[in-house]
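>
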(Lines of atoms letter the chains of each structure in order from A and count residues from 1; the text may use other names and numbers.)
(Lines give C-alpha, C1' and ligand atoms only; values in the text may rest on other atoms or scores of the structure.)
Protein backbone atom coordinates (compact mmCIF):
# COMPACT_ATOMS: atom_id res chain seq x y z
CA UNK A 1 0.00 0.00 0.00
CA UNK A 2 2.79 2.43 0.92
CA UNK A 3 4.51 1.73 -2.41
CA UNK A 4 1.31 2.53 -4.33
CA UNK A 5 0.89 5.82 -2.47
CA UNK A 6 4.50 6.78 -3.14
CA UNK A 7 4.10 5.99 -6.84
CA UNK A 8 0.89 8.04 -6.93
CA UNK A 9 2.61 11.01 -5.24
CA UNK A 10 5.54 10.90 -7.66
CA UNK A 11 3.22 10.69 -10.67
CA UNK A 12 1.11 13.53 -9.31
CA UNK A 13 4.17 15.78 -8.94
CA UNK A 14 5.43 14.85 -12.40
CA UNK A 15 2.03 15.60 -13.87
CA UNK A 16 1.87 19.06 -12.34
CA UNK A 17 5.43 19.95 -13.28
CA UNK A 18 4.79 18.90 -16.89
CA UNK A 19 1.72 21.08 -17.21
CA UNK A 20 3.57 24.26 -18.20
CA UNK A 21 2.05 26.34 -20.96
CA UNK A 22 3.89 27.14 -24.16
CA UNK A 23 4.87 30.75 -24.91
CA UNK A 24 4.24 31.83 -28.50
CA UNK A 25 4.60 35.24 -30.16
CA UNK A 26 0.90 36.09 -30.49
CA UNK A 27 -0.39 39.20 -32.24
CA UNK A 28 -1.18 41.64 -29.42
CA UNK A 29 1.44 44.20 -28.36
CA UNK A 30 1.47 43.79 -24.56
CA UNK A 31 3.37 47.06 -24.02
CA UNK A 32 1.14 49.49 -25.96
CA UNK A 33 -0.31 52.12 -23.65
CA UNK A 34 1.30 50.61 -20.52
CA UNK A 35 3.15 52.66 -17.91
CA UNK A 36 6.82 53.27 -18.77
CA UNK A 37 9.68 54.98 -16.96
CA UNK A 38 13.35 55.70 -17.70
CA UNK A 39 16.43 56.74 -15.74
CA UNK A 40 15.99 60.42 -16.67
CA UNK A 41 14.57 62.49 -19.53
CA UNK A 42 16.08 64.97 -21.96
CA UNK A 43 14.48 67.27 -24.56
CA UNK A 44 10.91 66.09 -23.91
CA UNK A 45 11.73 62.48 -24.83
CA UNK A 46 9.38 60.97 -22.24
CA UNK A 47 9.45 57.21 -21.59
CA UNK A 48 5.80 56.92 -22.65
CA UNK A 49 6.71 57.74 -26.26
CA UNK A 50 8.06 54.19 -26.69
CA UNK A 51 4.66 52.64 -25.97
CA UNK A 52 2.33 55.13 -27.69
CA UNK A 53 1.89 53.17 -30.94
CA UNK A 54 3.77 55.76 -33.05
CA UNK A 55 6.51 53.70 -34.75
CA UNK A 56 8.15 56.56 -36.65
CA UNK A 57 11.94 56.19 -36.37
CA UNK A 58 12.47 59.97 -36.61
CA UNK A 59 12.91 62.33 -33.65
CA UNK A 60 11.00 65.06 -35.52
CA UNK A 61 7.84 62.90 -35.34
CA UNK A 62 7.78 63.25 -31.52
CA UNK A 63 7.77 59.48 -31.21
CA UNK A 64 11.11 58.77 -29.51
CA UNK A 65 12.28 58.65 -25.91
CA UNK A 66 15.55 60.32 -24.91
CA UNK A 67 17.57 60.04 -21.72
CA UNK A 68 20.32 62.44 -20.73
CA UNK A 69 23.87 61.43 -21.54
CA UNK A 70 24.66 59.45 -18.43
CA UNK A 71 26.14 56.24 -17.04
CA UNK A 72 24.17 53.04 -17.76
CA UNK A 73 20.86 54.54 -18.99
CA UNK A 74 17.76 52.33 -18.86
CA UNK A 75 14.06 52.27 -19.77
CA UNK A 76 11.30 49.89 -18.67
CA UNK A 77 7.61 49.15 -19.18
CA UNK A 78 5.26 47.59 -16.62
CA UNK A 79 3.07 44.93 -18.28
CA UNK A 80 0.68 45.00 -15.29
CA UNK A 81 1.16 41.33 -14.36
CA UNK A 82 3.45 38.43 -15.18
CA UNK A 83 3.47 37.61 -18.89
CA UNK A 84 5.46 35.26 -21.08
CA UNK A 85 7.60 37.20 -23.54
CA UNK A 86 8.47 35.55 -26.84
CA UNK A 87 9.75 38.59 -28.76
CA UNK A 88 10.51 42.27 -28.23
CA UNK A 89 10.62 44.62 -31.22
CA UNK A 90 12.68 47.78 -30.65
CA UNK A 91 12.37 50.67 -33.12
CA UNK A 92 15.65 52.58 -33.29
CA UNK A 93 16.14 56.16 -34.51
CA UNK A 94 17.33 56.15 -38.09
CA UNK A 95 18.26 59.85 -38.28
CA UNK A 96 21.85 59.98 -39.57
CA UNK A 97 23.05 61.72 -36.39
CA UNK A 98 21.87 59.12 -33.97
CA UNK A 99 21.27 55.70 -35.50
CA UNK A 100 24.31 54.08 -33.80
CA UNK A 101 23.51 55.27 -30.26
CA UNK A 102 21.55 52.12 -29.46
CA UNK A 103 24.48 49.82 -30.31
CA UNK A 104 24.99 47.18 -27.61
CA UNK A 105 21.59 47.57 -25.93
CA UNK A 106 20.22 44.70 -23.85
CA UNK A 107 16.58 43.63 -23.36
CA UNK A 108 15.64 42.30 -19.91
CA UNK A 109 12.48 40.50 -18.73
CA UNK A 110 11.63 39.73 -15.11
CA UNK A 111 9.99 40.69 -11.85
CA UNK A 112 12.39 43.40 -10.64
CA UNK A 113 11.69 47.04 -11.42
CA UNK A 114 15.45 47.41 -12.01
CA UNK A 115 16.19 46.01 -15.50
CA UNK A 116 19.76 45.06 -14.54
CA UNK A 117 18.43 42.54 -11.99
CA UNK A 118 16.36 40.66 -14.60
CA UNK A 119 17.50 38.01 -17.10
CA UNK A 120 18.47 39.27 -20.54
CA UNK A 121 17.21 38.14 -23.92
CA UNK A 122 20.31 36.94 -25.75
CA UNK A 123 22.81 39.53 -24.51
CA UNK A 124 23.88 42.79 -26.17
CA UNK A 125 22.15 43.56 -29.48
CA UNK A 126 23.51 45.19 -32.63
CA UNK A 127 21.83 47.95 -34.63
CA UNK A 128 23.18 46.22 -37.74
CA UNK A 129 20.23 43.80 -37.32
CA UNK A 130 17.64 46.56 -37.91
CA UNK A 131 15.48 46.67 -41.02
CA UNK A 132 14.76 49.78 -43.11
CA UNK A 133 12.07 50.85 -40.59
CA UNK A 134 14.58 50.80 -37.73
CA UNK A 135 13.06 47.63 -36.22
CA UNK A 136 15.30 45.24 -34.30
CA UNK A 137 13.67 41.94 -33.32
CA UNK A 138 14.92 40.31 -30.12
CA UNK A 139 13.99 36.71 -29.28
CA UNK A 140 13.23 36.36 -25.57
CA UNK A 141 12.48 32.64 -25.70
CA UNK A 142 9.46 32.73 -23.39
CA UNK A 143 11.03 34.52 -20.41
CA UNK A 144 8.36 35.48 -17.88
CA UNK A 145 8.02 38.72 -15.98
CA UNK A 146 6.02 41.84 -15.27
CA UNK A 147 8.72 44.21 -16.49
CA UNK A 148 10.49 44.53 -19.82
CA UNK A 149 13.52 46.77 -19.70
CA UNK A 150 16.19 48.04 -22.07
CA UNK A 151 19.62 49.13 -20.90
CA UNK A 152 22.92 50.40 -22.28
CA UNK A 153 26.17 49.89 -20.39
CA UNK A 154 28.84 52.55 -20.24
CA UNK A 155 29.56 56.19 -19.42
CA UNK A 156 28.21 59.11 -21.46
CA UNK A 157 25.49 57.02 -23.10
CA UNK A 158 21.99 58.12 -24.09
CA UNK A 159 19.09 55.75 -24.63
CA UNK A 160 16.67 56.68 -27.41
CA UNK A 161 13.79 54.35 -28.32
CA UNK A 162 11.15 55.19 -30.93
CA UNK A 163 8.88 52.26 -30.02
CA UNK A 164 9.06 49.07 -27.98
CA UNK A 165 6.60 46.28 -28.76
CA UNK A 166 6.32 43.20 -26.55
CA UNK A 167 4.76 39.98 -27.84
CA UNK A 168 3.98 36.78 -26.00
CA UNK A 169 0.99 34.60 -25.32
CA UNK A 170 0.57 31.40 -23.31
CA UNK A 171 -1.07 28.65 -25.34
CA UNK A 172 -2.28 25.22 -24.36
CA UNK A 173 -0.22 22.80 -22.42
CA UNK A 174 2.78 20.86 -23.54
CA UNK A 175 1.55 17.86 -21.59
CA UNK A 176 -1.63 17.98 -19.61
CA UNK A 177 -1.62 17.14 -15.93
CA UNK A 178 -1.89 13.45 -15.06
CA UNK A 179 -2.20 12.39 -18.68
CA UNK A 180 1.34 13.46 -19.53
CA UNK A 181 2.78 11.97 -16.37
CA UNK A 182 0.99 8.65 -16.73
CA UNK A 183 1.83 8.06 -20.37
CA UNK A 184 3.61 4.72 -20.71
CA UNK A 185 2.97 3.65 -17.10
CA UNK A 186 0.04 1.37 -17.74
CA UNK A 187 -2.03 3.54 -15.39
CA UNK A 188 -4.95 5.66 -16.50
CA UNK A 189 -6.39 8.76 -14.83
CA UNK A 190 -9.59 6.84 -14.08
CA UNK A 191 -7.57 4.30 -12.07
CA UNK A 192 -6.64 6.97 -9.54
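Numbering (mature numbering (1 follows the signal peptide of the UniProt record, and there is no 0)), first residue to last: -20 to -1, 1 to 172.
Using N, Cα and C, we set each Cβ at its ideal position, and we do this for glycine too.
Need the endpoints of the beta strand (DSSP E) that residue 126 sits in, please.
115 to 131
> What first and last residue would you give for the beta strand (DSSP E) that runs through residue 55?
54 to 71
> Among the candidates 60, 123, 92, whose CA atom is the shortest distance from the CA of residue 4?
123
> Which residues mark the beginning and the end of the beta strand (DSSP E) in which residue 29 is found?
Looking at the DSSP string, residue 29 is not in any beta strand (DSSP E), and its letter there is neither H nor E.
> Under 8 Å between the Cβ atoms of residue 110 and residue 85?
no
> Compare the beta carbon distance of residue 100 and residue 87 with 8 Å and say whether it is the shorter of the two.
yes
> Tell me which same chain residues have a C-beta within less than 7 Å of the C-beta of residue 7, skipping the five on either side of it?
none
> Please determine, among 131, 71, 55, the residue with the shortest C-alpha to C-alpha distance to residue 21.
55
> Is residue 100 helix, strand or coil when you go by DSSP?
strand
> Could you have a look at residue 109 and say whether DSSP puts it in helix, strand or coil?
helix
> On the three-state DSSP scale, how would you describe residue 1?
coil
> For the stretch 54 to 72 against the stretch 118 to 136, are there 3 or more C-beta pairs whose distance is under 8 Å?
yes
> Should residue 151 be labelled buried (16 or more other beta-carbon atoms within 10 Å of its own) or exposed?
exposed
> Once the 5 residues before and after residue 102 are set aside, which same chain residues still bring their CB inside 7 Å of it?
118, 119
> Quick check: the Cα distance between residue 62 and residue 10, rounded to an integer number of angstroms?
11 Å
> Take residue 97 as the anchor and find which of 38, 116, 126 has the nearest alpha-carbon.
When each option's Cα is compared against that of residue 97, the closest is 126.
> Taking 7 Å as the limit between beta carbons, can you name the residues of its chain near residue 129, skipping five residues before and five after?
54, 55, 56, 88, 95, 98
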